[in-house]
Amino acid sequence: MLRARHVARRPKAARAASLLFAALLPLLAVPAMAARPVENPVPGSNPLFRDKFTADPAPLVVGDTLYLYVGHDEAQRDEMFNMREWLVYSTKDMKHWVEHGPIMKATDFKWAKADAWASQAIEKDGRFWFYTAVEHDDTHPGKAIGVAVSDSPTGPFVDAKGSALVTNQMTPKGEHSWEDIDPTAFTDDDGTTWIAWGNRHCYIARLKPNMIEIDGEITEITPPHFEEGPWLHKRGDTYYLTYASLDRASHRDEKISYATAPSIRGPWTYRGELTGSGKYSFTIHPGIAEFKGQWYIFLHNASLTVGDQNGSIGRRAVTVEYLQYNDDGTLKPVVQTDEGVSVPPPQ
Numbered sequence: 002m003l004r005a006r007h008v009a010r011r012p013k014a015a016r017a018a019s020l021l022f023a024a025l026l027p028l029l030a031v032p033a034m035a036a037r038p039v040e041n042p043v044p045g046s047n048p049l050f051r052d053k054f055t056a057d058p059a060p061l062v063v064g065d066t067l068y069l070y071v072g073h074d075e076a077q078r079d080e081m082f083n084m085r086e087w088l089v090y091s092t093k094d095m096k097h098w099v100e101h102g103p104i105m106k107a108t109d110f111k112w113a114k115a116d117a118w119a120s121q122a123i124e125k126d127g128r129f130w131f132y133t134a135v136e137h138d139d140t141h142p143g144k145a146i147g148v149a150v151s152d153s154p155t156g157p158f159v160d161a162k163g164s165a166l167v168t169n170q171m172t173p174k175g176e177h178s179w180e181d182i183d184p185t186a187f188t189d190d191d192g193t194t195w196i197a198w199g200n201r202h203c204y205i206a207r208l209k210p211n212m213i214e215i216d217g218e219i220t221e222i223t224p225p226h227f228e229e230g231p232w233l234h235k236r237g238d239t240y241y242l243t244y245a246s247l248d249r250a251s252h253r254d255e256k257i258s259y260a261t262a263p264s265i266r267g268p269w270t271y272r273g274e275l276t277g278s279g280k281y282s283f284t285i286h287p288g289i290a291e292f293k294g295q296w297y298i299f300l301h302n303a304s305l306t307v308g309d310q311n312g313s314i315g316r317r318a319v320t321v322e323y324l325q326y327n328d329d330g331t332l333k334p335v336v337q338t339d340e341g342v343s344v345p346p347p348q
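Here my numbering = 1-based position in the sequence shown + 1.
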């Protein structure tokens, strides 16, 4: 009470100055992290980023620059996953990278309560659309897919819809609450954009031109051994669906498999495994892009140590390898290496 009376007796000018400072305080916060070069003892070698744990890589090429969107693994001790934000890096030569800092937090979706899981950004009509998986609040329990937008590939990104694009209730076939994860977005030659996602079941749907609504039905296209992490891309007349696979009868950790189709609508033909498992990692996640005439596949493993923290299921590290095609359009097997793209592609 004495403190309250003392404050009340302050001169009006002092109280006004105090109120003004309080109003300005949010504007005096530390600004977003300035872009800074990434330190790697051998540029282009794996893992690409060594000062923090990163996962679920998603490349986007804009002009002469490749941007790479990743989740930030922050698991402590025996935590499985602790992911609160998404980061973005860029490169012009696939060897030297620039870190641009966080672009968004999971809770920037006001309807979400946690989990900045796998994402992908694409460009359309001069804007950048960011599709990602988060944990929905209790109004729609389970994982959900949100969409954010920015005028810049480095953000900041803001919720473009104000609600989830896909909720758990929209895909009732799933056996668990996290089937609506790992979205991949792809714009076909006719300008139509598609989104695919899933865990155990792989779904695909067309997006309306506004990029924030499903146009028509959600269709299931689950290929053999599909676990999660689908990625859509096209080369020539062939469509590719690459994904994290788990053949529980033969191996314990996820690998990368793929299927091809003559149309985005299918039919999809299973082509087999593309990679082995990521080192020390149960999960693996593909992201594919052509950049300056060369194809690349981004992955993650758990081989990185940062300080006193070793890699684990929730402390992963992003890697990259060359992606090559056979004459018939099938993909050549990818061997995961420490050298990455610090050396020329295999002949």
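Glycine included, every Cβ here is placed at the ideal spot set by N, Cα and C.
This one's a predicted model, so the numbers in the text were calculated from it and none came from an experiment.
Residue pairing by DSSP puts Thr55 in a beta bridge opposite His73. In its chain, beyond the 5 residues on either side, Ala165, Thr168, Asn169 and Gln170 have a beta carbon closer than 7 Å to the beta carbon of His141. Using a Cβ distance threshold of 8 Å, Pro103 and Glu86 count as a contacting pair. Straight-line spacing of the CA atoms in Pro173 and Arg201 works out to 13 Å. Within 10 angstroms of the beta-carbon of Met34 lie fewer than 16 other beta-carbons, which makes it exposed. Straight-line spacing of the CA atoms in Ile182 and Glu100 works out to 25 Å.
Taking every protein chain shown into account, the CB of Pro38 has fewer than 16 other CB atoms within 10 angstroms, so this residue is exposed. According to DSSP, Trp87 shares a beta bridge with Gly72 and Met105. Within the same chain, Val43, Pro44, Gly45, Ser46 and Lys96 come within 8 Å of Ser343 by CB-CB distance, once the 5 residues on both sides are set aside. In the three-state reduction of the DSSP assignment, Gln170 falls in the helix class, which pools H, G and I. If you draw a straight line from the Cα of Leu69 to the Cα of Tyr90, it is about 5 Å long. In terms of CA proximity to Phe292, Lys93 leads the group Met81, Phe50, Asp328 and Lys93. For Asp238, the closest alpha carbon among the candidates Glu75, Gly330, Ala117 and Gln121 is that of Gly330. Residue range Thr185 to Thr188 is occupied by the beta strand (DSSP E) that includes Thr188. DSSP assignment within the region 255 to 289 yields the following whole beta strand (DSSP E) runs of 3 residues or more, N-terminal first: 256 to 262 and 270 to 276. Rounded to whole angstroms, the Cβ separation of Met105 and Pro157 is 7 Å, and the two are in contact under 8 Å. Beta-bridge partners of Leu242 (DSSP): Leu233 and Ala260.
Note on geometry: alpha-carbon atoms of Phe227 and Ala245 lie some 6 Å from one another. Its chain contains Arg51, Asp52, Lys53, Phe54 and Arg316 as the residues whose beta carbon lies nearer than 8 Å to that of Val307, once the 5 sequence neighbours on both sides are disregarded; these appear in chain order. Our two residues, Leu324 and Ile285, have alpha carbons roughly 16 Å apart in a direct line. Between the beta-carbon of Ala134 and that of Ala149 there is about 12 Å, and that puts the pair past the 8 Å contact cut.
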